[in-house]
Amino acid sequence: MYRYACLNAISPIGLERFTEAYEKTDDVQAADAILVRSANMHEMHLEDNVVAIARAGAGVNNIPLDACAKKGVVVFNTPGANANGVKEMVFAGMLLAARDIVGGVNWVRESAADPDITKDTEKEKKRFAGSEISGKKLGIIGLGAIGVLVANAATHLGMDVYGYDPYISVDAAWNLSRSIKHISDVNEIYRECDYITIHVPLNDSTRGMISAEAIGMMKKNAVILNYARDVLVDEDAVLAALDEGRIARYVCDFPNTKTVGHKGVILTPHLGASTAESEDNCAVMAVNELMDFLENGNIRNSVNYPPCNMGRCESAHRVAIYHRNVKQMIRQFLDVLSYTNVSNLSNTSRGEIAYTLIDIEDNLTDEAVAALGAIDGVFRVRVVH
């Protein structure tokens, strides 16, 4: 029996996928796996029985990835599961920036008691006039699941689309409309585009990438959209540019005391993936990832361990070994298992972290498990099957 715990509310559509072999527990420390959305896990102690964490969403800055990796805890996320919800919010943000919809709505609400509102509407509507997004240039930084959806949809709205992603995947490239201009210099987006939307993961190289220097290249009518992570943008530089009239709007899904109420800033309360469909999709993907990992040892969409897929085990036993990516590890594993035949083996790595699955034809002895765990550089040994 496998046990799982939820640190946040997880869609029942996903939880219903767990079979009778799974039991939900309110005791996180008794769980084999944890499902989480936004709960901060950086200060959380995890017992040794916890082997996996699944984030029902894309961002994992609330999880201590390196510490989990060295403890032999695989962290999953659900890339693309909420992509459509975020895509739709990006277009909502563009429309809010292009046309003063919010100002118009507020004027109507404030004029509710006006007996001449129909007549006054015709006089006042020019105050809220804007421009159309058709024919404008849209620059997309990051062509992952969300970026590709935004790019393709924008072409159907008549926009001229520029895409930048030096690490674009083969799948994303295949799914990208041929009309998108795939550029190699992000500065071209800064110089040419009317709308700039960012869809990259947060790491040391992307933190603050929309910098004062980048903003200094932009058009005076430029609109920056941030539905990814707040700290991807240097907000001090953005606010200064707005105050000086060097850009037109900043649309962001992450309110804070610095940006709330600032002229030229349009904020939404982290609504990007807040749809029933996105929450269902993320939960389903997270549960599927956990089940395949717990039952078969396979890793798909992990952010701290390499991918690995050996299907279902048809041999007597399968052992999973979490370890450092150093020389001679496989030889040491096979020396310990020399008493039996190895029917299948997979070794994958990501930077300093490696993961090995081994299927053997005889029983896996307690002595063998202990010997594998005693090898220098091994974080964890788990008997999968």
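Residue 412 in this note's numbering sits at position 382 of the sequence shown, with consecutive numbering throughout.
Cβ atoms here follow ideal geometry from the backbone N, Cα and C, with glycine treated the same way.
Predicted model only: the values in this text are computed from it and were never measured.
Asked                                                                                                  : Found
Test item: CB-CB of ILE329 and LEU402 under 9 Å                                                        : no
Contacting residues, own chain, Cβ-Cβ under 7 Å from ASN311 (five flanking each side not counted)      : ALA111 and ASN112
Three-state secondary structure assigned by DSSP to VAL178                                             : helix
Residue from SER304, THR305, ALA306 and ALA271 with nearest C-alpha to THR289                          : ALA271
First and last residue of the uninterrupted beta strand (DSSP E) at ASP389                             : 383-390
Cβ pair ILE213, GLY238 closer than 9 Å                                                                 : no
Through-space distance from ILE388 to ARG47, alpha-carbon basis                                        : 27 Å
Own chain, CB closer than 7 Å to VAL314, minus 5 neighbours either side, in chain order                : ILE43, GLY44 and ARG47
Extent of the continuous alpha helix (DSSP H) run through VAL120                                       : 113-128
Nearest residue (CA-CA) to PHE363, options TYR385, ASN331, LEU255 and GLY381                           : TYR385
Touching by the beta-carbon criterion (3+ pairs, under 8 Å), the region 207-222 and the region 143-157 : no
Sequence-distant residues of its chain with Cβ nearer than 6 Å to TYR220 (five each side left out)     : ALA244, MET247 and MET248
C-beta contact flag for ILE83 and ALA99 at 9 Å                                                         : no
Segment contact, 8 Å Cβ cut-off, at least three pairs: the region 294-304 with the region 114-129      : yes
Under 9 Å between C-beta atoms of VAL104 and ASN334                                                    : yes
Beta-bridge partners of VAL104, as assigned by DSSP                                                    : ALA82
ALA69 versus ASN38 - alpha carbon distance                                                             : 7 Å
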